[in-house]
Amino acid sequence: MFDCDLHTHSRFFHFDPSTGAAYDPIGTRLALAIGKRRGLDGIAVTNHDYFRPETLVSPTCIPGIEISTTKGHLLVVGPDPPMQTERGSLSPNAAVDLAHEHGCAAIIAHPFRNSLLRESNAPFDAVEINGKHPEYRRRIEALAEDRGLPIVGGSDAHFPFEVGRVSTRLDIDRFTPMAVVDAIQAGNVEPVFRDGPILRGIGSIYTAIHYAKRRLKSK
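The numbering of the sequence shown is my numbering, which starts it at 3 and goes up by one.
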C-alpha cells in the first residue's frame, strides 16, 4: 500500500504556463517535505494546463497536469502527461481521450466546484474528493456510485501546508506512475482524510474566501 496526494500544484498562483517558472522545483520540494511529515509516500504534481519534467524533483513525484476543459477541470496523472493544453479548448471527451492516449488516468477534479464535468458521458477513470471541499463527500460518493467510478483524494494544494488534507491509498506493490494509473483504473484506491486544528483552520479560511468570491462574481 502507498499513500499519495493526487492533486498538488508547485505554484502559489496560476500563471501563464508558456512562461515557465524557476520556482516550480522549489514548490515541489516544499510540498514533498510537508507530505512526508504527514505520512505520504508521494505526490502527483498537477499544474494548470502544463507539465514540466524538471518539476519532478524526486522519484516520489508522479507526473500530471490539470486540464481546463470546456466543462471543468480534469486531473491527468501517469507516466507521460501532455506537456501543455490550451485552457477551455478541449471538450471533456477530447481531454479524456488525450489522457488515455498518453497512458494516463483521467479524474474528475472537484466535481461540485465550478465544474459540469460530472454531466459529461466521457469515460472517466475516477472522481476526486477535493481537500478544499470535504463537505461534498456524500454527494461525491453518490456520484461515484451512479457512474460506477472509484473515488480518489487530492488536496488541491497551492501552498505546501495544504498538502495531504485528502490523499489516496493505492493498493500497489511499487510506487511508479504506471502502477498508480493501473490502481486507479482497476479501482484499487480509496480516499484518506486527515484532520486536526491546523487543517480545519485552513479549510475554514478557504471556504470563506471561495464563497466570498462567488458572491462578488454574482453582483
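For every residue, glycine included, the Cβ atom is placed at its ideal position computed from N, Cα and C. It should be emphasised that the depicted structure is a prediction, and the values quoted were computed from it without experimental measurement.
| query | result |
| --- | --- |
| Taking the C-alpha atoms as reference points, what is the distance between A96 and E103? | 10 Å |
| Just to confirm the assignment, what range does the beta strand (DSSP E) spanning G66 have? | 63-70 |
| Keeping to the same chain, check which residues put their C-beta closer than 6 Å to that of H11; ignore five residues upstream and five downstream. | N49, H160 |
| Since P55 contacts I67 with CB under 8 Å, what's their CB separation in whole angstroms? | Contact doesn't hold; Cβ gap of about 12 Å is too wide. |
| Taking the alpha carbon of R169 as the point to measure from, which residue in G155, R176, D175 has its own alpha carbon closest? | It is Ser, not Arg, that sits at residue 169 in the sequence shown. Answer by Cα proximity: G155. |
| On a Cα-Cα basis, can you pick out the residue from A101, S70, L76, G105 that is closest to E88? | S70 |
| Tell me where the beta strand (DSSP E) around R171 begins and ends. | 168-172 |
| Below 8 Å on the Cβ atoms is my guess for L42 versus D99; work out the distance and round it to an integer in Å. | The pair is not a contact, with the Cβ atoms about 30 Å apart (cut-off 8 Å). |
| Taking the continuous alpha helix (DSSP H) assigned at E121, which residues delimit it? | No alpha helix (DSSP H) contains E121, which DSSP labels as neither H nor E. |
| Do the CB positions of L77 and I109 come within less than 7 Å of each other? | yes |
| Quick check on D173: buried or exposed, where buried means 16 or more other Cβ atoms within 10 Å of its Cβ? | exposed |
| Would you call P113 buried or exposed, if buried means 16 or more other Cβ atoms sit within 10 Å of its Cβ? | buried |
| Compare the Cα-Cα distances from I45 to each of A144, D158, L119 and report the closest residue. | D158 |
| Could you pull out every residue in the same chain whose Cβ sits closer than 7 Å to the Cβ of F14, ignoring the five residues on either side in sequence? | H160, F161 |
| Please determine whether the Cβ atom of P65 lies at a distance below 6 Å from any heavy atom of the ligand HEM. | The ligand HEM is not among the ligands present in this structure, which contains no ligands whatsoever. |
| Identify the residues that DSSP records as bridge partners of T30: which are they? | The partner list for T30 (beta bridge, DSSP) is empty, contrary to what the question assumes. |
| Cα separation between G225 and T178? | This structure cannot speak to residue 225, because the chain is shown only from 3 to 221. |
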